[in-house]
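*Asks:* Numbering (the numbering used here), first residue to last: 55 to 171.
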């Protein structure tokens, strides 16, 4: 990495620029990963920050977790007959309760696999 300097008054200041920024959104899982890195893996966090790769890392974690969550939820829907559309029409409260439980289970699995590693 080459640094260029600009003379400002009597001082030489480095010309620092931000490159390779990913413009995708960071979701809740990306922010959980950020918090985990700041609190528990400071060297990796600092390395990503210094290499200007932190945003790209958080976006990739967000996308990967979102994809994994969708896969798990589809598997849960296909494996449980109580999550069918007919069941949804018959007893909506039970259907919502089951969906929330399955989503919580999927988020716990994902957090152990991807976020807090």
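We put the beta carbon where it would ideally sit given N, CA and C, even for glycine. Keep in mind it's a predicted model, so treat the numbers as computed, not measured.
My guess is that residue 127 and residue 156 are in contact by the Cβ rule of under 8 Å, so how many angstroms apart are they, rounded?
*Replies:* Walking along the chain shown from the start, residue 127 turns up at place 73. Walking along the chain shown from the start, residue 156 turns up at place 102. Between residue 156 and residue 127 the Cβ distance is about 7 Å, and since that is below 8 Å, they are a contact.
*Asks:* To the nearest angstrom, how far is it from the Cα of residue 168 to the Cα of residue 119?
*Replies:* As a first step, residue 168 must be located in the chain shown, where it is residue number 114. As a first step, residue 119 must be located in the chain shown, where it is residue number 65. Their backbone Cα atoms lie some 7 Å apart in a straight line.
*Asks:* Taking the alpha-carbon of residue 78 as reference, which of 95, 70, 109 has the nearest alpha-carbon?
*Replies:* As a position in the chain shown, residue 78 is number 24, starting the count at 1. The candidate whose alpha carbon is nearest that of residue 78 is 109.
*Asks:* Does residue 138 pass the burial test, meaning 16 or more other C-beta atoms within 10 Å, or should it be called exposed?
*Replies:* Residue numbering aside, residue 138 sits at position 84 when the chain shown is read from its first letter. With fewer than 16 Cβ atoms within 10 Å of its Cβ, residue 138 is classed as exposed.
*Asks:* Could you compute how far the alpha carbon of residue 87 sits from the alpha carbon of residue 65?
*Replies:* Translated into positions along the chain shown, residue 87 becomes position 33. Translated into positions along the chain shown, residue 65 becomes position 11. Cα to Cα, the separation comes out at about 38 Å.
*Asks:* Grab the span of the beta strand (DSSP E) containing residue 67 for me, first residue to last.
*Replies:* Looking up residue 67 in the chain shown gives position 13. Unbroken beta strand (DSSP E) run through residue 67: 65-68.
*Asks:* How about residue 103 and residue 161: do their beta carbons lie closer than 9 Å?
*Replies:* For the purposes of this step, residue 103 is identified with residue 49 of the chain shown, where counting begins at 1. For the purposes of this step, residue 161 is identified with residue 107 of the chain shown, where counting begins at 1. No.
*Asks:* How should residue 70 be labelled, buried or exposed, when 16 other C-beta atoms within 10 angstroms of its C-beta is the threshold for buried?
*Replies:* Reading the chain shown from its first residue, position 16 is the one you call residue 70. By the neighbour-count rule (16 or more Cβ atoms within 10 Å), residue 70 is not buried but exposed.
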